[in-house]
Structures are given as structure tokens and as C-alpha cells.
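Student: Protein sequences appear in the order of chains A and B.
For the record, in the first sequence the residue sitting at position 327 is 327 according to my numbering, with numbers rising by one throughout.
For the record, in the second sequence the residue sitting at position 310 is 310 according to my numbering, with numbers rising by one throughout.
Just so you know, even glycine gets a beta-carbon here, dropped at the ideal spot from N, CA and C.
Sending over a structure as C-alpha cells; questions will come in a sec.
2 protein chains.
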Amino acid sequence: MTANVNSPIRIALDAMGGDDAPRIVVNGAAIAQVRYPQAEFIFVGDEAAIKPLIDKHKSLKGRTKIIHTAERVLPDDKAAQALRGGRQTSMRLAINAVAEGAADAIVSAGNTGALMAMAKFVLKMLPGIDRPAITTFFPTLKGETVMLDLGANTECAPENLVDFALMGALFANTVLGVENPRIGLLNVGSEETKGHEEIRIAAQELRALELPGQFIGYVEGNDITNGTVDVVVTDGFTGNVALKTAEGTAKMYTEFLRRTFKSSWLARIGYMFASHAFKKLRKRLDPRTYNGALFVGLRGVCVKSHGGTDAIGFANAIGVAYDLVKYQFNEKISERVQVLHEKLQALPPEIKTAAPVVAA
Amino acid sequence: MTANVNSPIRIALDAMGGDDAPRIVVNGAAIAQVRYPQAEFIFVGDEAAIKPLIDKHKSLKGRTKIIHTAERVLPDDKAAQALRGGRQTSMRLAINAVAEGAADAIVSAGNTGALMAMAKFVLKMLPGIDRPAITTFFPTLKGETVMLDLGANTECAPENLVDFALMGALFANTVLGVENPRIGLLNVGSEETKGHEEIRIAAQELRALELPGQFIGYVEGNDITNGTVDVVVTDGFTGNVALKTAEGTAKMYTEFLRRTFKSSWLARIGYMFASHAFKKLRKRLDPRTYNGALFVGLRGVCVKSHGGTDAIGFANAIGVAYDLVKYQFNEKISERVQVLHEKLQALPPEIKTAAPVVAA
């Protein structure tokens, strides 16, 4: 199930979002254009800054439009403020292009909160989906794992978690090509009685429902990097803390490694011998490879790139958007969610209520 | 403020808890005895198994007692079951020794859930403290950081988090020797309006109160290993997920490092040159150094060792218990908590209510 193989995939780009915008955006699009000849780009932002950059790339010739605007969302703008006062910003106009049908997807490396608020307001939710979730994937011991929600919702009802499981499984399917994804619910132990009530109810519901994948029950924090499952489902508070803790720990190890190789002359010589092997490891763990978080559940593909990424990272974020459009991710959700909710409705009430926790 | 310099510090040891018990317990005590000549040990467990091990160590001669029991808590026992049916287990009798005044502290490498349930039931809470919290410390980029709660309470009221901040600061003070600990509350952003209501109220209260340390506001997941603060305060659900995510990420990096050094002949040669430097790094990150989690808030010092540790790790867990007794950790809590709660009571009501979140 893919879009018409010949039809172009039109991606709106917030040309002014990101630490090094618009350079990374235009150069990233040029890289992506070579990788995905079907892609066409709409650059939204300051034409005087964008046009000379575009003109440098042959690959972009005749495949791009520019929508000019002088306004942009700043990194420190509050979401509410950007939503009210930012109707002419590059971010907002790029999102509008999707809502108006001029583009199939939007990619921005700008302010996350503003992007979330604007995308939710402009694009609205997919029918049947109550809450969007921030979704991404990262390296694990066994390959790659998708996790959601990473921060859109501080609190989640069991039904939100069920929707996240559906959307996460379809994401693993579409972006990572996992046939029958294993899905786990993040908790503090594997016993039935552990965790918040919402998690316990969601687990009961997930066991009773049919998903595009296999629900294997609870997983714990260490299972994320162990690659125990392909999809880790959690609320946005826990997911955000877990993601940032993993990033922080990775940073600490990288720094300790750097210091170790610089700690003595022998260690420096050792690094010279091992440097080729370490280059491969660095490539395996390159954050640019994992750039591109999706706001799943919206009526339109909206991908957030890291603000600090470079052109290669931005091209990868475009790649995520491209795959989601090409393999009709949102259409797959819409197809499945109706039936899922009907079955959820029909579940016996005891499954939708948490069993009382036995006091220790 | 320390206990009488000449009085012995008596530590009850659950001799049968841990993967390799009683060996690690007795050998760990022998190591600790040399480090802390003031320590005396009460071994609780199967005398026939313990006695021959004790007799091998000169350092333990005349400094130990044995309380014999044939029963023990098994690793898979449910907490409730251990509490009801385990009254003659080595774990329970070791805890009883503290409650009866025969010991100053208990250390066990056994089943965490059972230890928590039994310790809470037998020792009871310190006056004024409502909930115990699992507390430990680990390496960061800047040194070491204390985090609590790591899993005792799935949900926490703002007042529990305030108590955790107090106890965590005193822990950093007592065990790590930090004079004026910096305290952070784990959240998903630094803005006032982020996170759960309980966290926002706790932050308002902590700002208004006087603690043995400095409350610096919210911290995020990556701040844990960055060492931004000396004490990270959170609920037991979030803390457990964060700790296990950090452990999992550390494990992944260690494994990737191992594979990298084995990936080619050049890399192997590189390791030979760098091995001395890596030995130092391994020592810096040695989990045995960070062994020993405390159940803070109980009327008695109860330290949990990792089940899979060795004698050196177990000796370090004993060291944590020893320091907490010697530097009168519980007495310090009792001294401070009364005043803290009086001030908390006296705070104006708007501080004890969360400000409404501005919708984005």
C-alpha cells in the first residue's frame, strides 16, 4: 500500500527553524532531493535568505517553491504566544500548506512547543484519536526501538495509551519496516499489580485487543535500550524523563570515553589503532541517524527535527516525513482505529477497570 | 555530630540474601571489619553454613554473633507473602534485631519488595515522615548524585516530595559529605507550568521552605548524569524508570565498547595500549562502588545491597549503613522534620495549591 508511484511527495519546510537555519534546511533538502527524487519542497521563510542558498544546488532546480514571510518563531517563544501572535511565521505558514492541501507533510527544526501547539490547532486530530503523541526511534542493543509519548501529554487515560500502541506499531512498521512489532508498556515491574491505575487498565485492554503487532506486557526502563520490544508505550511525562535520562547517560559515557583516550600517552596511541573501529561505532550511534520526531495522531504528517542538527540530520528528518507519506501512515491509522475503538467499546467492564492492588 | 567515638556500631546482616549468599555476606563483612574497626556484626541465617565462613577471617573473631534460622526469603517471594509467612526468615529476624535495639542497622542483599514491606512493618516510620523512599547515589559527569524515590511509592503527594528533598539533602550530606547540597525536582521542562500538579505544588513549597541545602527548581532527565544537582527528587514511578533507563543505557554503551574493541585486530591492539586507562574508567564506574540503597524515612537504618554483588560490593553497602549510623542520619532527620512541617503548615494557601496551567 503506497501512494501513486509517480505522484510527487510535497514537503513544506520551515526554512527559518533550527540553530543554523536556513542553511541546514536548504542543504538538507538538497541531500534529500537526491535520495528521494519524488520529493518536492516548499520552503517557507525569508526569500532573500533562502533563494541564494537554493540556487547553489542543481538537484533543487525546478523542484521547489518559496513562500516568503519575514516572521519566524523564536526558540524561546512560549507556545501560547506563538499560537496567538505567530500567524505569519514561517512555521505557521508551512503547517498551513499541509492543512490547505498544498503539501503532504511539514518538517521543522524550530521551537518544539510552538510546533506542537500550532500543528494541533491547524491540522486537528485524526478522526477517533484524542491526543497526539511525540514519537521517535533510537538505537538499542538489538537494533532500533520506537517510543511514544515523549512529551505531548503529561497525563494519559488508558484509551490514549491504547491508541499510542496502535500508532507506535504502525510507525515501527512504516519507518523501520518491522513486520509484526513487539509492543511493551513502560512500568516499574512485570507484575500485574505494579504501576499507576491507567497503566494497569491499558495493559488489560491491550491484552484483549488485536493490534498490528504483538503486545507482550510490561517492560522496565532497562528494556528500552535492551531492545526487548520494538515499541515502548508510555505517557509523555515518563517518556520524556526516560528519553532525556538515556541521552544524558549516553553523553556521560561518550565524555568518559573521550577523557579516557586522552588520559595518557599509551591511551592516545591505543586510540590511533582503534580509531577506525570507533568511527564505525560513532556512525552507529550518530544522533543524526535518529533525527526526526513525529507528532502522531494529527491529520497531516508533522516531523520535528532537532534544532541543533546539520544538513545530513535535517535530510534524515525529511526522510522520516517522506516515508510516512509514501507508505500512507496516517491512512493506515484511520483504517485501523475505527475497528479498534469498536472492539474497545465492546470489552467487558471488568477489563476497563483496574483490579484492586493487593496491599503488601 | 557523631555517635560516641568508642561505642561499637552494630550491624545486623541478612546472611542468606543475595545470589551468592552467605559467602558474599561473610566475606563482605570481613572486608568492612578492617575498614571500620568500630563495626560489629550479627549474622542471621543458617549457622551451619555461616560459621565455617566466619572462622576463616581473623578480622571477624570476637566481633560477631550468629542468630540461627533455617528459613529465608526467596528471590521470587511476593512481598505480602513474605510479610505474612516469613516471620522466622533471616531477613525478618535481622530487621527485628534493629527494632529490638540489638543492632543499629540492617543490610540485606535479598528480595527488595519483601525487605521494603518487612522493614516498613517492623521498624515503622520516623515520627512526622509519611512515606519511605528508596535512595541511592551514582556517578555523574561532575561527581556523584543522590536520587530518591527509586520505587517505594508509585504516587506521591507534594508533602512527600518535600520530605524526600529534606532526607535526600541529609543523605548527600552524611554519605557523600556535600556541605550545602543542590536539590532539583525532576520534571519535563524548566517552566513553572510544566509537569504534574503534585510537582508544581512541591516546587512552590520547596521554594518557600528552608532546607539543609539549596533548592534550585526543576531538573530534567539529562540533568541526572550531568550532575546539575546533588539531589534529584522524584516519585517512585518516575525515579525507578529513570534509574533503570540509565542502567540500561550504561549497559548498552559498555557492550558497544566491548564489541568495538573486538571488531578488528587493530582495535584489539588499540585496547592493549589503552587497557590501563580503561581499567581506571571501569573503576570509576564500578557498580560495586555505588552499591547500597537506603530505605529513608524508617525508624532504623535499612540498607539494600544489589543481589548480584560480590564481597567488595557488599562491604560497600555495609559502609553506607555504617556512615548513616555513625553520622546520625536518622537523628538529623528527626531534628529537622518537625520544624519543616511547622513551616509547611504555616505557608499561605496559594503556595499549597497549583497555579492553573495556561493552555497552549
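Quick test of your reading: residue 321/A and residue 301/A, contact by CB under 8 Å. State the CB separation rounded to the nearest angstrom.
Tutor: With a Cβ gap of about 5 Å, residue 321/A and residue 301/A count as contacting.
Student: What number of angstroms, rounded off, separates the C-alpha of residue 229/B from the C-alpha of residue 141/A?
Tutor: If I take the Cα positions, the gap works out to 30 Å.
Student: Which class does residue 303/A belong to by DSSP, given the choice of helix, strand or coil?
Tutor: Here residue 303/A sits in strand by DSSP.
Student: Could you list which residues in chain A have their beta carbon closer than 7 Å to that of residue 224/B, in chain order?
Tutor: Residues of chain A passing the Cβ test: 245 and 248.
Student: Identify whether residue 358/B lies in helix, strand or coil by the three-state DSSP scheme.
Tutor: Annotation note: pLDDT 49 at residue 358/B (below 50); position unreliable, coordinate value reported separately. If DSSP states are grouped into helix, strand and coil, residue 358/B belongs with coil.
Student: Return the chain-ordered list of same chain residues with a C-beta closer than 8 Å to the C-beta of residue 47/B, the five sequence neighbours on each side being excluded.
Tutor: 66 and 68
Student: Would you list the one or two residues that DSSP bridges to residue 14/A?
Tutor: According to DSSP, residue 14/A shares a beta bridge with 44/A.
Student: Within the same chain, show all residues whose beta-carbon is closer than 6 Å to that of residue 110/A, passing over the 5 residues directly before and after it, in chain order.
Tutor: Same-chain partners within the cutoff: 14, 17, 73 and 91.
Student: So is residue 65/A in contact with chain B if we call contact Cβ pairs under 8 Å?
Tutor: no
Student: Using three-state DSSP, classify residue 238/B as helix, strand or coil.
Tutor: helix
Student: Between residue 152/A and residue 131/A, how many whole angstroms is the CB-CB distance? I'm expecting something under 8 Å.
Tutor: 7 Å
Student: With 8 Å set as the bound, which would you pick, yes or no: does the beta-carbon of residue 125/B sit closer than that to a beta-carbon of chain A?
Tutor: no
Student: At least one CB of chain B closer than 8 Å to the CB of residue 111/A: is that the case?
Tutor: No, because no Cβ of chain B sits closer than 8 Å to the Cβ of residue 111/A.
Student: Along the stretch 203-232 of chain A, where does the CB come closer than 8 Å to a CB of chain B? Name the residues.
Tutor: Within the stretch 203-232 of chain A, the residues whose Cβ lies closer than 8 Å to some Cβ of chain B are 220, 221, 222, 223, 224, 225 and 226, listed in chain order.
Student: Taking Cβ-Cβ distances shorter than 7 Å, what residues in chain A pair up with residue 269/B?
Tutor: 273
Student: Provide the residue span of the beta strand (DSSP E) that contains residue 139/B, from first to last.
Tutor: 133-139
Student: When you compare the stretch 272-283 of chain A with the stretch 283-292 of chain B, are there three or more beta-carbon pairs, one atom per stretch, that lie closer than 8 Å?
Tutor: no
Student: Who does residue 145/B pair with in a DSSP beta bridge?
Tutor: Its beta-bridge partners are 138/B.
Student: Indicate the three-state DSSP secondary structure (helix, strand or coil) for residue 88/B in the structure shown.
Tutor: It is coil, neither helix nor strand.
Student: Would you say residue 19/B reaches chain A, if we count a Cβ-Cβ gap shorter than 8 Å as a contact?
Tutor: no
Student: Using only the alpha-carbon positions, how far apart do residue 8/A and residue 106/A sit?
Tutor: About 15 Å.
Student: Using CA coordinates, which residue listed in 239/B, 250/B and 324/B is at the minimum distance from residue 139/B?
Tutor: Of 239/B, 250/B and 324/B, the smallest CA-CA separation from residue 139/B is found for 250/B.
Student: Taking only three categories from DSSP, how would you classify residue 290/A?
Tutor: helix
Student: State the Cα-Cα distance for the pair residue 34/B and residue 57/B, rounded to the nearest angstrom.
Tutor: Distance between the alpha carbons of residue 34/B and residue 57/B is about 11 Å.
Student: Note down the Cα distance separating residue 206/A from residue 162/A, rounded to an integer number of angstroms.
Tutor: 6 Å
Student: Taking Cβ positions, are residue 295/B and residue 134/B nearer each other than 8 Å?
Tutor: Yes, they are a contact pair.
Student: Are the C-beta of residue 145/B and some C-beta of chain A separated by less than 8 Å?
Tutor: no
Student: Identify the continuous beta strand (DSSP E) that holds residue 65/B and give its terminal residues.
Tutor: 64-68
Student: Smallest Cα separation from residue 223/A: which of 78/B, 85/B, 243/B and 262/B?
Tutor: 243/B
Student: State yes or no: is the C-beta of residue 292/B within less than 8 Å of the C-beta of residue 241/A?
Tutor: In this structure, the beta-carbon distance from residue 292/B to residue 241/A does not fall below 8 Å.
Student: If distances are taken between C-alpha atoms only, which option among 342/B, 311/B and 343/B comes closest to residue 23/B?
Tutor: Out of 342/B, 311/B and 343/B, the CA that lies nearest to the CA of residue 23/B is found in 311/B.
Student: For the stretch 146-202 of chain B, list the beta strand (DSSP E) runs that are entirely contained and at least 3 residues long, ordered along the chain.
Tutor: 182-186
Student: For the alpha helix (DSSP H) that residue 218/A lies in, which residues bound it at each end?
Tutor: First-last for residue 218/A: 214-219, but that is the beta strand (DSSP E), not the alpha helix (DSSP H).
Student: Cβ atoms of residue 177/B and residue 233/B: under 8 Å apart, would you say?
Tutor: no
Student: Just reading off the beta strand (DSSP E) that residue 333/B is part of, what are its end residues?
Tutor: Not the beta strand (DSSP E): residue 333/B falls in the alpha helix (DSSP H), residues 329-346.
Student: How about residue 174/A and residue 324/A: do their beta carbons lie closer than 8 Å?
Tutor: yes
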